[in-house]
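Q: In terms of our numbering, the sequence shown is numbered consecutively and its last residue is 315. Please find one structure pasted underneath; my questions will follow.
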Amino acid sequence: MALHMPVPCPALTALNLAQPQLRDLAWACLGPPLLHLETLQPGNGVTDARLPLTAARAAWLQELDRQPQPLIDWLTAQQATRLGLYFERLWYFFLTHDSETELLAHNLPVRSGGQTLGEFDCLYYCRAREQPVHLELAVKFYLGWRRTTTGAEQSSAAEWLGPNPVDRLDLKLQRLLQHQSRLSLDPVGSALLASRGLAQPLREIALRGSLFQPAHDRLSPPAGYNPALPLPHWYTLTDWRAQAGAEERFLVLPRLRWLSPLLHSADTLSPEALFTQLQERFTRGGRPALVVQVNDQGDESRRFFLAGNDWPRG
């Protein structure tokens with residue numbers, strides 16, 4: 002099997018951050034985008050959120066790694082039970098404490114006539130650009146499932162499904178590009194921002210995550226996919242078990258640990274134990290599981306999804 006590490010970012014890896022929550026923060030806020038969204042709708046005024054890893058930010062992250070309590074307290078003060086909420090909390094901490102940004106508001110609802118039209122995920126001030134920014138946030142993990150693509154050059158965004166297959170990449174992109182990122186252009190949203198002195202903010206989207214190619218099918222990535230990222234695999238449980246080495250060790254990642262690479266884990270499973278655990282899960286109708294293979298040091302060497310043999314139809 003080809004090995005696939007999580008989303009690579011050599012500059013972040015070189016920081017050698019020990020705290021998992023801090024690695025998650027660095028991955029969320031300073032890691033590479035899942036898609037280059039501006040290539041999907043050129044000229045629509047929305048750009049990818051790209052905050053550079055400056056020397057000052059690197060020093061701040063390393064200092065926070067030595068004394069992580071402020072971040073731990075921030076996260077425990079409002080415990081996130083869903084990955085998207087955890088992702089947002091990491092961003093709010095970053096924008097609050099980063100020397101180049103100021104968090105102005107988050108989850109700000111836009112209402113008209115008693116109806117909620119939407120909400121601004123995040124509004125911040127960028128000191129480098131001397132402008133306010135409307136930032137929408139999303140973290141997504143999708144598994145490829147060929148339905149319409151016949152050529153090898155590009156797949157349809159509708160062929161990339163979340164562990165819950167109702168969640169599709171094309172639907173998420175439509176929501177991000179046609180609704181969420183355009184809220185500041187809506188007359189009601191624009192008036193709300195103007196009342197706060199934030200007229201005509203820059204518009205950005207931070208879309209992070211990973212796409213997992215079917216192990217049995219070389220489905221090409223969709224339009225806009227970041228070529229710097231790998232395409233790790235997903236397997237049916239039966240196909241994976243037939244090729245897993247007896248000496249390999251694995252771990253099912255809890256959903257809130259899906260972001261940055263896993264380090265120093267001692268709680269691992271043999272292929273047989275993992276197969277038994279997931280067979281029971283899928284028999285009960287459980288969704289695909291994100292699994293990591295670990296090396297002798299307990300560090301993640303690759304990650305992949307395992308799904309029931311009838312997914313996504315079952």
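Beta carbons: idealized from backbone N, C-alpha and C, even for Gly. Predicted, not measured: the structure shown is a model, and the values here were computed from it.
1) Which same chain residues, not among the five before or five after ALA267, have their C-beta less than 7 Å away from its C-beta?
2) What did DSSP end up calling ALA200 once you bin it into helix, strand or coil?
3) What's the C-alpha gap between PRO21 and PHE283?
4) Hey, THR102 and CYS123 are a contact pair by Cβ (cut 8 Å); roughly how many whole angstroms apart?
5) How many Å lie between THR269 and PRO53 at the Cα?
6) For SER261, collect the residues of the same chain with a Cβ closer than 6 Å to its Cβ; drop the 5 residues on either side in sequence, then sort them by chain order.
7) With which residues is PHE88 paired in a DSSP beta bridge?
8) Going by the CB atoms, is the gap between ARG204 and SER182 shorter than 8 Å?
9) In the stretch 160–195, which residue ranges form an unbroken alpha helix (DSSP H) of at least 4 residues, counting only runs that do not cross its ends?
10) Consult DSSP for LEU54 and reduce its assignment to one of helix, strand or coil.
11) Please say whether HIS234 and PHE251 have beta carbons closer to each other than 8 Å?
12) Starting from ALA29, trace the alpha helix (DSSP H) in both directions and tell me its first and last residue.
13) Is the Cβ-Cβ distance between ASP74 and LEU18 less than 8 Å?
14) Quick one: residues in its chain with C-beta nearer than 7 Å to the C-beta of SER100, no 5 flanking neighbours on either side, listed in chain order?
15) Please state the DSSP three-state secondary structure of GLU301.
16) Can TYR125 and LEU136 be called in contact, C-beta distance under 8 Å?
A: In terms of the structure at hand:
1) Within the sequence shown, residue 267 is the residue found at index 266, counting from 1. Counting only Cβ-Cβ distances below 7 Å, and skipping sequence neighbours, we find GLY299.
2) Along the sequence shown, read from residue 1 onward, the residue named residue 200 stands at position 199. Correct three-state label for ALA200: coil.
3) Indexing the sequence shown from 1 puts residue 21 at position 20. Indexing the sequence shown from 1 puts residue 283 at position 282. Using only the alpha carbons, I get a separation of about 29 Å.
4) As a position in the sequence shown, residue 102 is number 101, starting the count at 1. As a position in the sequence shown, residue 123 is number 122, starting the count at 1. In this structure, THR102 and CYS123 do not form a Cβ contact; the two beta carbons are roughly 10 Å apart against a cut-off of 8 Å.
5) Along the sequence shown, read from residue 1 onward, the residue named residue 269 stands at position 268. Along the sequence shown, read from residue 1 onward, the residue named residue 53 stands at position 52. Computed Cα separation, rounded: 35 Å.
6) Taking the first residue of the sequence shown as position 1, residue 261 is located at position 260. For SER261, same chain residues with a beta-carbon under 6 Å away, outside a window of 5 residues either side, are ARG24, ASP25, TRP28 in chain order.
7) The residue you call residue 88 lines up with position 87 of the sequence shown. For PHE88, which the question treats as bridged, DSSP gives no partner whatsoever.
8) Residue mapping note: residue 182 aligns to position 181 of the sequence shown, counting from 1. Residue mapping note: residue 204 aligns to position 203 of the sequence shown, counting from 1. Taking 8 Å as the cut-off, the Cβ atoms of SER182 and ARG204 count as close.
9) Within the stretch 160–195, the complete alpha helix (DSSP H) runs of at least 4 residues are 170–179.
10) By 1-based counting over the sequence shown, the position of residue 54 is 53. Here LEU54 sits in coil by DSSP.
11) For the purposes of this step, residue 251 is identified with residue 250 of the sequence shown, where counting begins at 1. For the purposes of this step, residue 234 is identified with residue 233 of the sequence shown, where counting begins at 1. Result no, Cβ atoms of PHE251 and HIS234 do not sit closer than 8 Å.
12) As a position in the sequence shown, residue 29 is number 28, starting the count at 1. Note, ALA29: alpha helix (DSSP H), 21–31.
13) In the sequence shown, residue 74 corresponds to position 73, counting from 1. In the sequence shown, residue 18 corresponds to position 17, counting from 1. The answer is no: Cβ separation not under 8 Å.
14) For this step, residue 100 is matched to residue 99 along the sequence shown. ALA57, listed in sequence order.
15) Along the sequence shown, read from residue 1 onward, the residue named residue 301 stands at position 300. If DSSP states are grouped into helix, strand and coil, GLU301 belongs with the strands.
16) Sequence index remark: in the sequence shown, residue 125 carries index 124 (1-based). Sequence index remark: in the sequence shown, residue 136 carries index 135 (1-based). Yes; because the gap between Cβ atoms is below 8 Å, this pair is in contact.
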